[in-house]
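There are 2 protein chains.
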Amino acid sequence: MSRKIEIFDSTLRDGAQGSGISFSLDDKIKITLELDSLGVDYIEAGNPGSNQKDREYFEKINTMKLENSKLVAFGSTRRKNSNAAEDQNVNNLLIANTPAISIFGKSWDYHVTDVLGTTLEENLNMIADTISYMVSKEKEVIFDAEHFFDGYKNNPEYALSTLRAAVDAGARALVLCDTNGGAFPDEIYEITKKVIEEFGVDVGIHCHNDGGMAVANSIMSVEAGANQVQGTFLGIGERCGNANLSTIVPNLQIKRGYDCIPEENLQNLTTAARYIAEISNLTLDHSMPYVGNNAFAHKGGMHVDGIIKAKGSFEHIDPELVGNDRKFIMSEVSGKNTIISRIKKVDPSLTKDSPETKEILDLLKRLEHEGYQFEGAEASFDLVIRKHLGRYTPFFILDHYKIIEEEKQGEDDCTASALIKVIVKGREEMTAAEGNGPVNAIDKAIRKALEVFYENLKDFHLVDFKVRVLDGANTAAKVRVLIDSTDGQEFWSTIGVSTNIIEASVGALVDSIEYKLIKDLEQK
Amino acid sequence: MSRKIEIFDSTLRDGAQGSGISFSLDDKIKITLELDSLGVDYIEAGNPGSNQKDREYFEKINTMKLENSKLVAFGSTRRKNSNAAEDQNVNNLLIANTPAISIFGKSWDYHVTDVLGTTLEENLNMIADTISYMVSKEKEVIFDAEHFFDGYKNNPEYALSTLRAAVDAGARALVLCDTNGGAFPDEIYEITKKVIEEFGVDVGIHCHNDGGMAVANSIMSVEAGANQVQGTFLGIGERCGNANLSTIVPNLQIKRGYDCIPEENLQNLTTAARYIAEISNLTLDHSMPYVGNNAFAHKGGMHVDGIIKAKGSFEHIDPELVGNDRKFIMSEVSGKNTIISRIKKVDPSLTKDSPETKEILDLLKRLEHEGYQFEGAEASFDLVIRKHLGRYTPFFILDHYKIIEEEKQGEDDCTASALIKVIVKGREEMTAAEGNGPVNAIDKAIRKALEVFYENLKDFHLVDFKVRVLDGANTAAKVRVLIDSTDGQEFWSTIGVSTNIIEASVGALVDSIEYKLIKDLEQK
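For the record, the sequence lines run as chains A and B. To convert a position in the first sequence, counted from 1, into the numbering used here, add 8. To convert a position in the second sequence, counted from 1, into the numbering used here, add 8.
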């Protein structure tokens, strides 16, 4: 039997402190359900006393049944020189009606005197009193020892005495927090070990990433005996973020044989990460370990060659274990193999020596030189190959369009309208649409015109729209537009490049529509 | 005396394998000079045999004098069953005319047999022969033992024998590579220690980040005795990237007292990171340890409160040590203190109890609700405060504008033109401009009109232009445009939000111009 490590997710609480993060009530519900279905042990979701949104969240989530996870409300020890039972903030935590409560308290003497402004003794009372009160309300209490490592390094006796106060008051687990995120793996290992030797209770670890070592620090704490890891699912959090659970879980479970989440759910890790990023309105870092789009992407020609000869030769795990894919990235340094594997998807009869392959390689170089980058736009590259090989019958011709946009000071809206003519199998369709801005106007006009011919365009929509200025210099620089689209079943990405943002957007939009049409045709 | 740790930067070589990275010759020169002035010991810059660009790079860089860094060319051991002196790839390395050469060779028996397809013995010959040849040409040779940790775990005797072959042939340093990036800090520590005990030579560490632990792994190797750390300056590299030197250097030097770069250069770390990101056409991850925009940004109200009471209470180091700044991020969870410190910059007489402060807080909430996010657009927030406090005299009124854009199939360019009227101190200026796309056209028209009145607008330009779709759904969704601008002395960021991309762009552009004008006025 492998040792169980509890996974304690704080995406909705500590993650919400991350810059640029702002969860709506609906976002919080969706993320909770996703984490529950992935099988994390605890979901720390906020403080019902601190704001109305968190209060509504707990009301709503308590009407739903979670399969795997325990909900946790988070709050601090009572105010100094008072009584937990009469402390409004402490009592507010009970409103959440969660089985477990995280109580954070000070473990660093400097913080007690200089930030709280109270005595070392009163801080111990605050911890004991608050936890006892929660235990009397039949709550499972998890004690977060804030700044524990800094505190321990400064005054080990006092830091340990705060843990003692928590244990004596009935805390179920002691969580050692590296709140400032500057600790090193060797320190974390040693100090965790001492705490476990001193107390017989469950110990958790809560790391921040200010030294870029939150994942390693969490793992070294587990190696020293900790059996709970706190973090956020994508590593989001204040400053440099929290320990990234989507990295820690596979590191512990696949590499070191610990039991973190149900084994059959590991393969859902990548999907869960992408879903949570989507809900959080974040672009998931492509290079994120295990779940990133490029976590198993090979660019160097030699590596690509190695992977083809011997799988695993340039990969630390099989990407399927976490539901991710191996990718061969096209570029000037990637060598032929990557591109050939994509060409073969379109026409399996072609080899690396076929003249068509050479032509596509040359075309790719030319397009890259113009600013195209197919690494993030594989649907567009697929179309480039098909068109070059003559394996593409155009679904429509965009004959012409015109956009007019007008804005007057003092008037609320800026109006944009587009007129368009498309030709489908010799039949012309001319139409016009108004939109919130020129891209929207032309998008609406194109769809309106094409839906006359292709009904299946109704169920596809854009997921993301990104613009990158290539030369970085000014508004006349070349821009690259990347569009992510979905029809609910599949996601695909397309690219457009131009000095004109409208032209680039239309290019990516047309590619996306063409890809959708060809995909549906081939699946029939 | 603190122990010297050599910093070996491979941004231009291993970093170039990163997805989305494509350095021009000029980029490579600029990055080399920046790394040299920061004081890294080695700059690994490419393979002159592999492509023309690298060959030109070495020709050009050799005409310049580096102050601190040694240049390194990188290549592999000779082909199997041949002779190094007659191997074209090996000889090509000499063209670079660098004082040092990195030679990588196989240390994992599985790779020798299954990827190289040769015998274990011939691999040892390849290492010895190639290194001896380079030493005979008076090169300092650094041996990169590819997959060393995986190799050691699989067959320690063989892995060590590859190092022995390198040492006996005259390699100056042995670099242990975790090529697949899946190793753990405790393994790295143990194995590095064994290598150092076995050989008396300099040992380096080269980690990849597939387990999210490249920084910690590099540091644990140094703790075990390694005295060279290889990485890329921003952690860029294939898959999940390489060990991030901008994190490792301050971790080692500030926290553990090692000597990595000249002490007085540490304060240039943040500027160097941002400069290299700019040249690499990368958005520097805001949460990157030490150098990220948010590395010392405080959002949670409690943390902000703590920092104000006791500096260092929520920071692992003083941000000035690495040339970064403390920031208080505005948001619904940041509490009043952050916003007050920004308001006080505009009007030092205001306090947290001033009615104006309350009004600005309410305004901020309303704007955030509309989709504004001032975290990345402090110049816009500054304008919001000034305008609300009446501390702003408008420099111009944008009376109205109209944009026309037309595209015909088969014609090369899509033309956009904008006409505009601005009013400055009662004087009207009406003008028009053509542009590559609507944003460029309106940008040019606004500047053309305003430069009549304000000459100082000539020296400012846009650095970056980002678009984020807020609701993610379709082209009618709200978009947030962020514009980064500079006048060569200062950088600032502004924001515009609208369902219309043109309107949002114009909003951000107008803010940027206003900020520039007010800044120049106040500096006079």
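We put the CB at the ideal spot given by N, CA and C, even for glycine. Quantities reported herein were computed from a predicted structural model and do not represent experimental measurements.
Does the Cβ of Arg455(B) have 16 or more other Cβ atoms within 10 Å, making it buried, or fewer, making it exposed? As a position in the second sequence, residue 455(B) is number 447, starting the count at 1. It is buried - the Cβ of Arg455(B) has at least 16 other Cβ atoms within 10 Å.
Is it buried or exposed, Lys452(B), if we count other Cβ atoms within 10 angstroms and call 16 or more buried? Start at 1 with the first residue of the second sequence, and residue 452(B) comes out as number 444. Lys452(B) should be labelled buried.
Chain B beta carbons: is any one of them nearer than 8 Å to that of Phe499(A)? As a working note, residue 499(A) is residue 491 in the first sequence. False, the Cβ-Cβ gap to chain B never drops below 8 Å.
By Cβ distance below 7 Å, which residues in the same chain neighbour Leu46(B) in space, the five residues on each side in sequence not counted? Position 38 of the second sequence, counted from the start, is the residue given in the question as residue 46(B). Here the set comprises Ile269, Asn273, Asn276 and Ala280.
Within 10 angstroms of its Cβ, does Gln96(A) collect 16 or more other Cβ (buried), or is it exposed? Residue mapping note: residue 96(A) aligns to position 88 of the first sequence, counting from 1. So Gln96(A) ends up on the exposed side.
Using a Cβ-Cβ cut-off of 7 Å (strictly less than) and excluding sequence neighbours within five positions of Ile29(A), which residues of its own chain qualify? Start at 1 with the first residue of the first sequence, and residue 29(A) comes out as number 21. Cβ within range, chain order: Gly23, Ile244 and Ser288.
Beta strand (DSSP E) segment containing Tyr409(B), residue limits: Numbered from 1 along the second sequence, position 401 holds the residue referred to as residue 409(B). In the DSSP assignment, Tyr409(B) falls within the unbroken beta strand (DSSP E) covering Ile405 to Lys416.
From Gln238(A) to Thr126(B), what distance separates their C-alpha atoms? Locating residue 238(A) in the first sequence gives position 230, counting from the first residue. Locating residue 126(B) in the second sequence gives position 118, counting from the first residue. Between the alpha carbons of Gln238(A) and Thr126(B) lies a gap of roughly 47 Å.
Run through chain B and tell me which residues come within less than 9 Å of Ala53(A), C-beta to C-beta. One-based indexing of the first sequence puts residue 53(A) at position 45. In chain order: nothing, as chain B lies at least about 14 Å away.
Interface partners of Asp407(A) on chain B, CB under 7 Å: As a first step, residue 407(A) is located in the first sequence; it is residue number 399 there, counting from the start. Result: Gln417.
DSSP on Tyr523(A), reduced to helix/strand/coil? Here residue 523(A) is taken as the residue at index 515 of the first sequence, counted from 1. Tyr523(A): helix per DSSP, three-state reduction.
Shorter than 8 Å from the beta carbon of His214(B) to some beta carbon of chain A? Against the second sequence, residue 214(B) aligns to sequence position 206. In terms of beta-carbon proximity, His214(B) stays away from the interface with chain A, with every pair separated by 8 Å or more.
For Val48(B) and Ser77(B), which I take to be in contact (beta-carbon distance under 8 Å), what is that distance rounded to the nearest angstrom? On the second sequence, residue 48(B) is found 40 positions in, with the first residue counted as 1. On the second sequence, residue 77(B) is found 69 positions in, with the first residue counted as 1. Contact flag correct, Cβ pair sits at about 5 Å.
Taking only three categories from DSSP, how would you classify Glu340(A)? For the purposes of this step, residue 340(A) is taken as residue 332 along the first sequence, with counting starting at 1. With a pLDDT of 49 at Glu340(A), under the threshold of 50, the modelled position of that residue is not reliable, and the figure given next carries that caveat. In the structure shown, Glu340(A) sits in coil (DSSP, three-state: anything other than H, G, I, E or B).
Would you check if there are 3 or more beta carbon pairs closer than 8 Å linking the segment 386 to 401 of chain A to the segment 390 to 406 of chain B? Note that the segment 386 to 401 of chain A does not touch the segment 390 to 406 of chain B; fewer than 3 beta-carbon pairs, one per stretch, sit closer than 8 Å.
Taking only beta-carbon atoms, is Ser140(A) less than 8 Å away from chain B? The residue given as residue 140(A) occupies position 132 in the first sequence. No, Ser140(A) does not count as interfacial toward chain B.
Minimum Cβ-Cβ distance from Thr85(B) to chain E less than 8 Å: No chain E is present in this structure, whose protein chains are A and B.
Would you call the CB atoms of Ala446(B) and Ile509(A) closer than 8 Å? Against the second sequence, residue 446(B) aligns to sequence position 438. Against the first sequence, residue 509(A) aligns to sequence position 501. The sequence given here has Pro at residue 446(B), not Ala. Yes, these two residues count as a Cβ contact at 8 Å.
Can you look up Met72(A) in the DSSP assignment and give me helix, strand or coil? Residue 72(A) sits at position 64 when you count from the first residue of the first sequence. Residue state, collapsed to three classes: coil.
Please list the terminal residues of the continuous beta strand (DSSP E) segment that includes Phe241(A). Sequence index remark: in the first sequence, residue 241(A) carries index 233 (1-based). That residue, Phe241(A), is in no beta strand (DSSP E); it is neither H nor E in DSSP.
On the three-state DSSP scale, how would you describe Thr126(A)? Position 118 of the first sequence, counting from 1, holds the residue named residue 126(A). In the structure shown, Thr126(A) sits in coil (DSSP, three-state: anything other than H, G, I, E or B).
Quick check on DSSP: helix, strand or coil for Phe473(B)? For the purposes of this step, residue 473(B) is taken as residue 465 along the second sequence, with counting starting at 1. Strand, per DSSP.
For the segment 172 to 212 of chain A, which segments carrying the alpha helix (DSSP H) assignment without a break, of at least 4 residues, lie completely within its bounds, in sequence order? Within the segment 172 to 212 of chain A, the complete alpha helix (DSSP H) runs of at least 4 residues are 193 to 206.
Could you give the distance in angstroms between the alpha-carbon of Leu171(A) and the alpha-carbon of Gly113(A)? Numbered from its first residue, the first sequence carries residue 171(A) at position 163. Numbered from its first residue, the first sequence carries residue 113(A) at position 105. Cα to Cα, Leu171(A) sits roughly 10 Å from Gly113(A).
Am I right that Thr502(A) and Ala318(A) are in contact with their C-beta atoms under 8 Å? What's the rounded C-beta distance? For the purposes of this step, residue 502(A) is taken as the residue at position 494 of the first sequence. For the purposes of this step, residue 318(A) is taken as the residue at position 310 of the first sequence. Between Ala318(A) and Thr502(A) the Cβ distance is about 34 Å, and since that is not below 8 Å, they are no contact.
Below 7 Å CB to CB, which residues in the same chain sit around Asp176(A) once its five sequence neighbours on both sides are set aside? By 1-based counting over the first sequence, the position of residue 176(A) is 168. Cβ within range, chain order: Ala136.
For Asn100(A), return the contacting residues in chain B, with the cut-off set at a CB-CB distance below 9 Å. Here residue 100(A) refers to the residue found at position 92 of the first sequence. Residues of chain B passing the Cβ test: none, with the nearest at roughly 15 Å.
Cβ of Arg247(B) less than 8 Å from any chain A Cβ? Position 239 of the second sequence, counting from 1, holds the residue named residue 247(B). Chain A, which has a Cβ nearer than 8 Å to the Cβ of Arg247(B), makes this yes.
Which residue wins for smallest C-alpha separation from Ile284(A), given the options Asp34(A), Ser10(A), Arg11(A) and Lys12(A)? For the purposes of this step, residue 284(A) is identified with residue 276 of the first sequence, where counting begins at 1. Comparing Cα positions, the closest option is Asp34(A).
For Arg374(B), report the span of its beta strand (DSSP E) as first-last. Counting from one through the second sequence, the residue named residue 374(B) turns up at place 366. In the DSSP assignment, Arg374(B) falls outside any beta strand (DSSP E) and lies within the alpha helix (DSSP H) extending over Pro363 to Glu378.
Phe404(A) versus chain B: which residues are under 9 Å apart at the beta carbon? Counted from its first residue, the first sequence places residue 404(A) at position 396. Within chain B, no residue comes near Phe404(A); the closest Cβ sits about 11 Å away, beyond 9 Å.
Going by DSSP in three states, Lys145(A) sits in which element: helix, strand or coil? In the first sequence, residue 145(A) corresponds to position 137, counting from 1. In the three-state DSSP reduction, Lys145(A) falls in the coil class, being neither helix nor strand.
Compare the C-beta of Asp17(B) against all C-beta atoms of chain A and say whether one is closer than 8 Å. For the purposes of this step, residue 17(B) is identified with residue 9 of the second sequence, where counting begins at 1. Put simply, the CB of Asp17(B) is far from chain A, with every gap to its CB atoms at 8 Å or more.
If you measure from the beta carbon of Gly480(A) to each beta carbon in chain B, is any gap under 8 Å? The residue you call residue 480(A) lines up with position 472 of the first sequence. Reliability of the predicted coordinates at Gly480(A) is poor, the pLDDT of 47 falling under 50, and the value obtained from them is presented with this limitation in mind. Gly480(A) counts as touching chain B.
So, at 6 Å on beta carbons, what are the nonlocal neighbours of Ser84(B) in its own chain, with the 5 sequence-adjacent residues on each side left out? For this step, residue 84(B) is matched to residue 76 along the second sequence. Excluding residues within five positions, the ones whose Cβ falls inside 6 Å are Phe112.
Which of the three DSSP states is assigned to His119(B) in this structure? By 1-based counting over the second sequence, the position of residue 119(B) is 111. Assignment of His119(B) by DSSP, reduced to helix, strand and coil, places it in the helix class.
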